[in-house]
Every structure is written in structure tokens, then in C-alpha cells.
Amino acid sequence: MDNTIYSDIEKDKILDLGKVESGLLQSIVFDNIKYKSEDVIVRPGIGEDCAVLSTEGNHAVMSTDPITASVKDIGRIAIHITCNDISSNGVRPVGIMLAIMLPYGTSQGELETIMRQAGETAEKLKVDIIGGHTEVTKAVNKPVIVSTAIGKTEVYREDIPEVGDVILMTKYAGIEGTGIIIGDFERKCREVLSDDEIRQGRLLLDRVSVVEEGIIIGREGFCKMHDVTEGGVLGAVWETCSLIGLGCTVKEKSIPVLEITEKISRIFKIDCLRLISSGSMLVVAKREKADVIIEKLRARGILCTEIGSITEGTQGMKIERENGDLEKIEPPEKDEIYKVIHKEI
3 MDNTIYSDIE KDKILDLGKV ESGLLQSIVF DNIKYKSEDV IVRPGIGEDC
53 AVLSTEGNHA VMSTDPITAS VKDIGRIAIH ITCNDISSNG VRPVGIMLAI
103 MLPYGTSQGE LETIMRQAGE TAEKLKVDII GGHTEVTKAV NKPVIVSTAI
153 GKTEVYREDI PEVGDVILMT KYAGIEGTGI IIGDFERKCR EVLSDDEIRQ
203 GRLLLDRVSV VEEGIIIGRE GFCKMHDVTE GGVLGAVWET CSLIGLGCTV
253 KEKSIPVLEI TEKISRIFKI DCLRLISSGS MLVVAKREKA DVIIEKLRAR
303 GILCTEIGSI TEGTQGMKIE RENGDLEKIE PPEKDEIYKV IHKEI
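Residue numbers (this note's numbering): 3 to 347.
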């Protein structure tokens with residue numbers, strides 16, 4: 003075995019929970035991918051949600067995601083999250099495959115609940131569940147789903163990002179994380195949330211799809227889209243700017259956050275700007291297109307907010323705090339939701 007790629011890493015160091023951090027993802031995962039097919043026009047990269055393959059007359063857009071944080075709504079989330087990745091390329095998802103791994107002791111009713119959630123969600127999105135695998139295994143201690151989705155398009159096109167472009171985000175920071183935390187840790191949340199707020203929080207998982215906004219934005223034109231998942235809004239900003247090789251300044255006061263998200267962030271002592279935020283799309287767009295995108299989405303009842311702008315790469319990635327201080331945006335590490343999960347379980 004060739005160990006040369008491990009010269010810059012600590013071979014015996016234990017990996018942290020959550021998505022592998024960006025540096026290791028590049029040096030261990032991406033750098034070990036050797037063969038490059040001529041049919042692949044978009045390859046794996048930090049902040050790149052999908053691969054794109056060139057086929058006769060069409061481009062196939064593909065993505066895969068594991069669902070490991072949620073328990074109660076795992077079937078529903080498994081469909082939404084991977085379809086969101088496809089739509090971040092401005093493309094409608096058409097099919098999805100599910101690999102479902104269940105711990106020993108899972109009942110038939112629990113499996114039925116998972117598949118009912120998945121089937122109903124896929125039907126709403128008009129996405130065909132085209133295959134997968136289902137098994138009970140002692141390799142997991144709670145249900146895990148890995149979903150792979152595919153979309154197709156005749157033309158794959160993005161505008162070239164440059165200094166002065168606008169950074170937009172849809173909906174709110176921490177949508178998915180808020181819904182998961184309230185669903186799985188309701189008793190603790192009731193210390194700060196009313197019955198009505200608990201109901202609102204549960205409904206957030208009905209808002210984790212960004213398929214509609216992705217398709218609308220795709221029609222108007224964009225430089226880059228990235229659905230906001232693990233690492234939250236700031237993680238998505240860092241990944242997007244790293245991918246396009248430019249800097250940015252985002253304003254904390256411009257980032258929309260729900261009051262219930264702020265409340266649970268305080269009680270669990272987490273940063274909601276680094277909380278998993280499926281349901282929000284980060285967009286880099288030309289100024290003249292940004293205003294059109296905002297209006298088109300608002301006409302469909304989808305909040306879209308300008309939160310910052312693209313700067314020279316040498317200026318780095320910064321967030322202007324509410325007090326006016328400028329801080330460097332650090333690379334995403336373990337998502338804040340894991341602090342909650344492993345503190346409460």
C-alpha cells in the first residue's frame with residue numbers, strides 16, 4: 003500500500019463526529035480518487051453538492067447523502083436532503099434510491115413508518131423511488147439512510163462568479179436543526195418554548211425542501227448555489243467561497259433567524275449560524291439577477307434575503323458582527339447539532 007498521501011496527516015488521530023473537515027476531505031478522500039472519466043464534467047470538491055455526467059443529449063446530475071442525525075423524521079428528510087442537492091444545480095430531481103440500515107430490534111411498524119414518510123415526500127416532489135436496499139444490521143444503533151438522487155438537464159450552465167456579486171439565502175438559518183432538536187428533545191425544549199412554538203418547530207421539517215427555489219433560481223441564472231446543510235450558514239458560505247476561489251463579507255444582522263431557533267440555541271448553548279440548515283439555499287448571483295430572484299421567490303411565498311457580497315480572494319471570508327466587528331469565517335467543523343445529540347443522549 004502506498005502511504006505517501008498520509009505524510010501531512012496524523013494517521014492514528016481519531017476523526018471527529020460529523021462530516022469530515024475540509025482539509026482531510028481533500029487530502030484523504032478526494033486525493034485518493036485517481037481515475038478521471040471524460041464523461042464527468044463536474045467532479046467532487048469542497049462545496050460541490052453534485053457530480054454532473056455528460057450523456058447523449060442530456061447531462062445527468064447526481065448526489066448522495068447519509069441521514070444520521072434525525073430519528074423520528076428520517077424517511078422524510080432522506081428524500082428532501084438529496085433532492086435539495088440536485089436542485090442546487092438548478093435542476094429538478096427525477097429519481098432517488100434509498101439504502102436503509104436498521105438496528106437489530108427494529109419493528110416492522112418502524113420500517114413502515116420510514117417508508118411511508120419517504121413515499122409521501124417523494125410523491126409531493128414528484129420524484130420516483132427507483133431502487134435501493136433495506137437490511138437489519140448490528141453495525142448501526144439507530145436507523146441510517148443513504149439516499150442517492152438523480153436529475154437531468156439539456157444545458158448545464160453557471161455564470162462566472164466575480165467580485166461584487168451578491169450572496170443571497172432563502173428562508174432561515176437552522177431550519178432543519180431546529181426541527182430535529184424539537185422533535186427528538188421536546189422535553190428539554192419545553193423549558194423555553196410554548197406549546198404553540200413546539201408545534202411551529204415540528205412543522206419546520208415540512209420546509210426543508212429547496213427544490214422549488216432551486217428550479218426558479220436556475221431559470222433566472224446564478225453563479226453558484228449550495229444548499230445549507232451540516233456546518234450551517236457560515237459553513238455553506240465558507241465552502242462556496244472556497245470553491246469559487248474568492249472572498250466575501252456577510253452581515254450577521256442580515257441573516258434571518260427564527261425566534262424559536264434563537265431560544266433553543268441559548269438553552270443548548272449552540273451557534274445557530276453553524277447549525278444544520280436544510281431548507282435554506284445559499285446563492286451567489288449577479289446584482290442585476292439578484293433583485294429578480296428575490297422578487298420571483300417572494301411571489302411564491304419564499305423568503306429570500308441578501309446577506310453579503312463577494313470580495314477579492316486575498317481579503318478572505320469575513321462576517322460583520324452586529325456590533326460592527328469583522329471576524330474571519332473559519333472552515334466548518336462538527337455541526338452544532340452533534341453537541342446537542344451527544345449531550346442529551
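Where is the CB? At the ideal position from N, CA and C, for every residue including glycine.
- In the pairwise beta carbon analysis, the stretch 145-152 is classified as touching the stretch 79-91: at least three pairs are separated by under 8 Å.
- Secondary structure of residue 281 (DSSP, three-state): coil.
- Straight through space, the alpha carbons of residue 159 and residue 13 are spaced by roughly 40 Å.
- A direct Cα-Cα distance of roughly 14 Å separates residue 228 from residue 214.
- In the structure shown, residue 225 adopts coil according to DSSP, grouped into three states.
- Restricting attention to 222, 265, 322, the CA atom closest to the CA of residue 290 is found in 222.
- The three-state reading of DSSP puts residue 301 in helix, counting H, G and I together.
- DSSP, reduced to helix, strand and coil, places residue 263 within a helical segment of the structure shown.
- 47 is the residue among 47, 173, 68 whose C-alpha sits nearest the C-alpha of residue 25.
- The stretch 263-283 and the stretch 175-183 touch, with three or more beta-carbon pairs separated by less than 8 Å.
- With a minimum length of 4 residues, the unbroken runs of alpha helix (DSSP H) contained wholly in the stretch 144-222 fall at 177-186, 188-191, 197-205, 213-222.
- In terms of CA proximity to residue 334, 230 leads the group 256, 252, 230.
- Remark: C-beta atoms of residue 225 and residue 288 approach each other more closely than 9 Å.
- Between residue 196 and residue 250 the beta-carbon gap is near 37 Å, outside 8 Å, which marks them as no contact.
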